[in-house]
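If you're matching them up, the sequences are chains A and B in order.
Residues 1 to 412, numbered by the working numbering, are exactly what the first sequence covers, in order.
Residues 1 to 412, numbered by the working numbering, are exactly what the second sequence covers, in order.
2 protein chains.
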Amino acid sequence: MSVKPKPLGPIPQGFSVIDGELAIGGRTASELIASSQHTPLFVYSQDLLRARMDNLRAAMPERIRVNYAIKANSFEPVLSLMNELSDGLDIASGGELDMVKAIGADMANVSFAGPGKRDSELETAIAVGATLNLESEGEARRALDTADKLGKVPRLAIRVNPEFELRGSGMKMGGGAKPFGIDAERVPALAKEIIAAGCEWRGLHIFTGSQALSAEAIAEAQCNVLSLAASLTEKMGAPLPKLNMGGGFGIPYFHGDEPVDIRHMGKQLDEHFSALPDELSGTEFFLELGRYLVGEAGVYLTRILDKKVSHGETYLVTDGGLHHQLAASGNFGTVIRRNYPAAIANRFDAEPSAIATIVGCLCTPLDRLADRAMLPEADVGDLVAIFCAGAYGASASPSAFLGQGPAAEMLV
Amino acid sequence: MSVKPKPLGPIPQGFSVIDGELAIGGRTASELIASSQHTPLFVYSQDLLRARMDNLRAAMPERIRVNYAIKANSFEPVLSLMNELSDGLDIASGGELDMVKAIGADMANVSFAGPGKRDSELETAIAVGATLNLESEGEARRALDTADKLGKVPRLAIRVNPEFELRGSGMKMGGGAKPFGIDAERVPALAKEIIAAGCEWRGLHIFTGSQALSAEAIAEAQCNVLSLAASLTEKMGAPLPKLNMGGGFGIPYFHGDEPVDIRHMGKQLDEHFSALPDELSGTEFFLELGRYLVGEAGVYLTRILDKKVSHGETYLVTDGGLHHQLAASGNFGTVIRRNYPAAIANRFDAEPSAIATIVGCLCTPLDRLADRAMLPEADVGDLVAIFCAGAYGASASPSAFLGQGPAAEMLV
Chain A
1 MSVKPKPLGP IPQGFSVIDG ELAIGGRTAS ELIASSQHTP LFVYSQDLLR ARMDNLRAAM
61 PERIRVNYAI KANSFEPVLS LMNELSDGLD IASGGELDMV KAIGADMANV SFAGPGKRDS
121 ELETAIAVGA TLNLESEGEA RRALDTADKL GKVPRLAIRV NPEFELRGSG MKMGGGAKPF
181 GIDAERVPAL AKEIIAAGCE WRGLHIFTGS QALSAEAIAE AQCNVLSLAA SLTEKMGAPL
241 PKLNMGGGFG IPYFHGDEPV DIRHMGKQLD EHFSALPDEL SGTEFFLELG RYLVGEAGVY
301 LTRILDKKVS HGETYLVTDG GLHHQLAASG NFGTVIRRNY PAAIANRFDA EPSAIATIVG
361 CLCTPLDRLA DRAMLPEADV GDLVAIFCAG AYGASASPSA FLGQGPAAEM LV
Chain B
1 MSVKPKPLGP IPQGFSVIDG ELAIGGRTAS ELIASSQHTP LFVYSQDLLR ARMDNLRAAM
61 PERIRVNYAI KANSFEPVLS LMNELSDGLD IASGGELDMV KAIGADMANV SFAGPGKRDS
121 ELETAIAVGA TLNLESEGEA RRALDTADKL GKVPRLAIRV NPEFELRGSG MKMGGGAKPF
181 GIDAERVPAL AKEIIAAGCE WRGLHIFTGS QALSAEAIAE AQCNVLSLAA SLTEKMGAPL
241 PKLNMGGGFG IPYFHGDEPV DIRHMGKQLD EHFSALPDEL SGTEFFLELG RYLVGEAGVY
301 LTRILDKKVS HGETYLVTDG GLHHQLAASG NFGTVIRRNY PAAIANRFDA EPSAIATIVG
361 CLCTPLDRLA DRAMLPEADV GDLVAIFCAG AYGASASPSA FLGQGPAAEM LV
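Written out as structure tokens, the structure reads:
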């Protein structure tokens, strides 16, 4: 057959081989599956989560704090660890507010963004003292009314829709008409109104895009964020307590992707921070990161149920699929499907020798985990690992599809 | 502004207006929301489900029976009704097997397809007497071993990977290498083996594609299915008890889509059935339909939480989104996003007069329910209806994404 392999994405650093198997946290894939008694299984590595945060902090200017956007992964043990490692938690729904309450997060460090907040969500957030990142003048009015009703002083910040975007980002969150935040030119008037109303003014949230890999592009966007924040602050005529600069740091999913050069970015940011505009001299600066902090620390393990040949092509049929790994299947916001990094977990050091397509167990042609991948010979009972599964995996996939149900999750 | 509207898909027939509002089953959208006490809400219409089945049966040759593929919508009241209206239920997982057991379906009319069946799923299916549509020789062996262990005679059919595909289908399930079924040339040998092993031989399952709108193309594919089934049956040398001919009937989602002309198709099928090959003279014929039976009977209702303007464009921010309506957001197996049919439900008879983009409440630019739609003027508190929400809505969307949780569902 003239079937040509399609490249796999790069396997993240930090995984080891024990007895020929992929090992996470010093335990082999087989051991991890045996202890969970369930496949498919998401395994998240504490060591990798800690190392990622340490490296980031070492590279960034000292003044920058790091928030965790819990939407990336809100599995309770991961969330608790990230609460410990980060300087604050960013949430996007009442459901996520419940999660951060459940782990005992300090509400003074929790902020709530999202374009459609229900009155009940505003009420709970104000009652517990979380900061609301206001997305519109209408939401501001509702928040003020709610605070009045509760007799509470609300903590309010404003999300800005900037004129510029993050070049090369997978999702653009700025530059032109957007449902997020308030167009920059209308921000000073609203800020003045909020401050005049006696709220606790918490500052600005400026998010320009996500999943960018170019340090230059991210640093450029953050330089623009600093300038915009300074100019808005000047117009407001009041100090800016906090600035959420967004994040946008991507991770390499696909063949040819290179990790963000955070040391280079750190140096560029150092320069910007050494020449900080006067308006921002007293401001606390936050990066908001989700995928970058947790994405590469997670692996999805699924067992091969069947091996079959159709028209000369080999299929490895697993007990997992797009109901846990929607993005890896290429069906979530992607135009052209490309392979995530993948491996045969229990033959992790074996030489690739055969081309196989890894599919899920769902009865739909969309359910593809790796297309024509060059892998070690594998058979029924072997374990497939899909990497970069720490973010937007379990929580961003339709787990009830075809009556399948969720995967197990484990922090090791 | 020079913003141009983008067309909406066609609103399905069968909905009415009461007091200016969209009405389903004689109740206005507002009443339905009031009685569910929850938005977003999926509403499914009994009348429309019944009418669809009646019309289909009237158009199809009398010999054709109609199975319901429960993956399209397995909300229990809908499933119970479809069990009553259809001639059998097709399932695709152990979870779906539990659902059809829970409603007391007759297992003699239940068949289980899907490329990755676990041993435990095979065991339950054989124990309760559901038919297994075997997807590979390996699965056949596992099924025989399981039946042996249980001391049961298994009901077995074979899923065939045909050489041809359904022209114009949204998802191709035949023609070339596929993870589904067994390549046609290997089917007779496996069928003989199964029959010789003393199993209850149930026949063939041949599925060529889905979401096709051309009656000609569907009839042509079904003509090919009949020929293939006859030729395989001849090679097996045993009668074919049942033939699941697949389905493939689509529904119009987008501007310019026309419904399948089922009367024309019925006439074409009549011709094929009047000249049926001898091999199939005693065969029972089944269509397997999911989306076609339930898709247009469902409406998704979501409330507008905010109305905002960014750079001259109006956004209606709702309390729903892609976590319930992944396909409508354009993020499930689609390359180019197009608008589903949508309306302002409580102003259903008002003239469209303004362009607005309807987004969900999720903090991601992917969360778009209607892009630049020409709609009646709408504001906070109004209800948005997204049509064609009866299939692959609630169950095929990532309801836990961003901590949101599922929508309510209601059969009226």
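Idealized CB from N, CA, C, for every residue including glycine.
All figures in this text were calculated on a predicted structure; none of them were measured in a lab.
Note on D306 of chain B: 16 or more other CB atoms within 10 angstroms of its CB, so buried under the neighbour-count rule. Residues of the stretch 327 to 338 of chain B with a Cβ closer than 7 angstroms to any Cβ of chain A, in chain order: N331, F332, G333, V335. With 16 or more other Cβ atoms from the protein chains shown falling within 10 Å of its own Cβ, I206 of chain B counts as buried. The Cβ atoms of L134 of chain B and A105 of chain B lie no closer than 9 angstroms to each other. Residues of chain B whose Cβ lies closer than 7 angstroms to the Cβ of R118 of chain A are, in chain order, L305, D319. The DSSP-derived three-state label of I103 of chain B is coil. The Cβ atoms of P5 of chain A and G266 of chain A do not sit closer than 9 angstroms to each other. Close to F75 of chain A, with beta-carbon spacing below 9 angstroms, lies no residue of chain B; the smallest spacing is near 11 angstroms. Between P365 of chain A and P252 of chain A, the alpha-carbon positions lie close to 25 angstroms from each other. M173, G176, A177, K178, P179, F180, G181, I182, D183: these are the residues of the stretch 173 to 202 of chain A whose beta carbon lies less than 9 angstroms from some beta carbon of chain B, given in chain order. Residues of the same chain with a CB within less than 6 angstroms of the CB of A59 of chain B, apart from the 5 flanking positions on each side, are I262, R263, G266 in chain order. For Y292 of chain A, the uninterrupted alpha helix (DSSP H) segment begins and ends at 291 to 294. The straight-line gap separating the alpha-carbon atoms of Q268 of chain B and E185 of chain B is approximately 27 angstroms. Put simply, of A:R63, A:A92, A:I64, A:N109 the residue whose alpha carbon is nearest the alpha carbon of N83 of chain A is A:N109. Rounded to the nearest angstrom, the Cβ distance from I126 of chain B to V160 of chain B is 21 angstroms, too far for a contact under 8 angstroms.
Here P239 of chain A is exposed: its Cβ has fewer than 16 other Cβ atoms, across all protein chains shown, within 10 Å. Rounded to whole angstroms, the Cβ separation of G320 of chain B and P40 of chain B is 4 angstroms, and the two are in contact under 8 angstroms. For E62 of chain A, not one C-beta of chain B is nearer than 9 angstroms to its own C-beta.
Partner residues in the beta bridge of M374 of chain A, as assigned by DSSP, are A:I355. Counting of Cβ neighbours within 10 angstroms places V359 of chain A among the buried residues, the total reaching 16 or more. Collapsing the DSSP output to three states places T146 of chain B in a helix. Given a length threshold of 3 residues, each whole run of the beta strand (DSSP E) inside the stretch 222 to 302 of chain B is given here in chain order: 242 to 244, 284 to 289. Residue contact check for G94 of chain B against chain A: a CB pair falls below 9 angstroms. Distance from the CA atom of I33 of chain B to the CA atom of F286 of chain A, rounded to whole angstroms, is 41 angstroms.
Judged by their CB atoms, L402 of chain A and A92 of chain B are nearer to each other than the 9 angstroms cut-off. At a cut-off of 9 angstroms between C-beta atoms, I70 of chain B counts as an interface residue with respect to chain A. For T131 of chain B, DSSP records a beta bridge to B:S111, B:R155. Neighbours of P5 of chain B in chain A, taken as residues at a C-beta separation under 8 angstroms, are lacking, since the least C-beta distance is about 14 angstroms.
Within chain A, no residue has its CB atom less than 9 angstroms from the CB of H205 of chain B, the nearest being about 11 angstroms off. Here the alpha carbon of A23 of chain A sits roughly 29 angstroms from the alpha carbon of V66 of chain A. One Cα belongs to Q325 of chain B, the other to G250 of chain A, and the distance between them is close to 26 angstroms.
Under a criterion of Cβ atoms nearer than 7 angstroms, no residue of chain A is adjacent to K235 of chain B; the nearest Cβ is some 19 angstroms distant. In the DSSP assignment, no residue is bridged to S74 of chain A.
As for any alpha helix (DSSP H) of minimum length 4 sitting wholly inside the stretch 18 to 89 of chain A, the runs are 29 to 36, 46 to 59, 76 to 85, ordered along the chain.
The beta carbon of L48 of chain A sits closer than 6 angstroms to those of G14, A297, all from its chain and outside the five residues before and after it, given in chain order. Considering only beta carbons, no part of the stretch 15 to 37 of chain A lies closer than 7 angstroms to chain B.
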